[in-house]
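In my numbering, the protein residues as written are 172 to 281. Single-structure report; data block below.
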């Protein structure tokens with residue numbers, strides 16, 4: 172099953188822009204909370220050392236892929252934390268698709 176996740180995350184990394192994603196502050200906080208929850212559940216550092224909003228979409232997608240690949244759930248709490256990573260993946264995938272269609276704020280102004 173891990174190979175399926177790797178393929179999806181790799182595709183997201185390739186499609187993501189080389190600029191920060193246009194997420195609202197609430198979405199950035201959502202992503203940060205989920206990375207923090209994964210870090211706590213697996214006793215790993217899941218959040219990057221810099222603010223998430225400063226990362227390019229591609230870097231953030233690769234970070235998500237690395238975190239997902241580095242953990243294996245053994246407890247219920249860990250399985251629930253993996254569900255949080257899935258939620259982050261869906262949010263980022265939507266943001267990447269919108270950025271690719273020119274619907275991000277930086278493209279609307281052009």
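Even for Gly, the Cβ is constructed at its ideal location relative to N, Cα and C.
Near residue 268, which residues of its chain fall below 7 Å by C-beta distance, leaving aside the five closest residues on each side in sequence? As a working note, residue 268 is residue 97 in the chain shown. Counting only Cβ-Cβ distances below 7 Å, and skipping sequence neighbours, we find nothing.
Hey, residue 270 and residue 188 are a contact pair by Cβ (cut 8 Å); roughly how many whole angstroms apart? The sequence position of residue 270 within the chain shown is 99, counting from 1. The sequence position of residue 188 within the chain shown is 17, counting from 1. The Cβ separation is near 5 Å, so the contact holds.
Proximity below 8 Å, CB of residue 183 to CB of residue 264: Within the chain shown, numbered from 1, the residue matching residue 183 stands at position 12. Within the chain shown, numbered from 1, the residue matching residue 264 stands at position 93. Taking 8 Å as the Cβ cut-off, residue 183 and residue 264 qualify as a contacting pair.
Starting from residue 267, trace the alpha helix (DSSP H) in both directions and tell me its first and last residue. What you label residue 267 is simply residue 96 of the chain shown in a count that begins at 1. Its alpha helix (DSSP H) spans residues 247-271.
Should residue 190 go down as buried or exposed, given a rule of 16 or more other Cβ atoms within 10 Å for buried? For the purposes of this step, residue 190 is taken as the residue at position 19 of the chain shown. That one is exposed.
Option nearest residue 359 by Cα separation, candidates 238, 193 and 260: The structure shown has nothing for residue 359, since the chain only spans 172 to 281.
So the alpha helix (DSSP H) residue 190 belongs to, where does it begin and stop? To locate residue 190, count along the chain shown from 1; it is residue 19. Taken as a continuous stretch (DSSP letters only), residue 190 belongs to no alpha helix (DSSP H), as it is neither H nor E.
Give the secondary structure of residue 196 by DSSP, where H, G and I count as helix, E and B as strand, and everything else as coil. The residue given as residue 196 occupies position 25 in the chain shown. Correct three-state label for residue 196: helix.
In the structure shown, what three-state DSSP assignment does residue 220 receive? What you label residue 220 is simply residue 49 of the chain shown in a count that begins at 1. Correct three-state label for residue 220: coil.
From which residue to which residue does the alpha helix (DSSP H) around residue 242 run? Taking the chain shown and counting its residues from 1, one reaches residue 242 at position 71. It is not in any alpha helix (DSSP H) - residue 242 carries neither H nor E in the DSSP assignment.
Cutoff 8 Å; reference residue 235; Cβ partners in own chain excluding five residues on either side: Reading the chain shown from its first residue, position 64 is the one you call residue 235. Cβ within range, chain order: 180, 183, 256, 259, 260 and 263.
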